[in-house]
Amino acid sequence: MRDTRHTLAVTKDELAVIEAALHTQSKILHVQAGAGGDDARARLNEVKRVISSVAGQKPADSPSRPRRSGGRGWFGMSRIFG
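Quick note, the sequence shown lines up with residues 1 to 82 if you use UniProt numbering.
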């Protein structure tokens, strides 16, 4: 199988719709494969590969920042346990 790549311009919202559709398709194929569909299992593996590829190419939203504990850290736990 040849790997030919094309550039496709999509917005973040469009990419989210595509990714959600792929996850839905994956769930459907999982049920069909569970019922003994060999073709469905092959297609499921292909869809999972594409999901992984899309996830790996998604741009990062913003740099990671440390999360605030919101009082749930050690001090929050000390309030729970007295």
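All C-beta atoms in this analysis are idealised placements derived from N, C-alpha and C, irrespective of residue type, glycine included. Owing to the predicted nature of the structure, the values given are computational and were not obtained by experimental measurement.
Can you give me the C-alpha to C-alpha distance between residue i and residue j, rounded to a whole angstrom?
{"i": "Asp39", "j": "Thr4", "result": "24 angstroms"}
{"i": "Ile51", "j": "Gly36", "result": "23 angstroms"}
{"i": "Gly34", "j": "Arg2", "result": "30 angstroms"}
{"i": "Ile28", "j": "Ala9", "result": "28 angstroms"}
{"i": "Arg41", "j": "Ala60", "result": "31 angstroms"}
If distances are taken between C-alpha atoms only, which option among the options comes closest to residue i?
{"i": "Arg46", "options": "His23, Glu14 and Ala9", "result": "In the sequence as presented, Arg is not what sits at residue 46; that position holds Glu. Selected option, being the one with the closest Cα: His23."}
Would you check if the distance between the CB atom of residue i and the CB atom of residue j is smaller than 8 angstroms?
{"i": "His30", "j": "Leu44", "result": "yes"}
{"i": "Lys48", "j": "Ser26", "result": "yes"}
Do three or more CB pairs link the stretch 36-55 to the stretch 18-26 at distances below 8 angstroms?
yes
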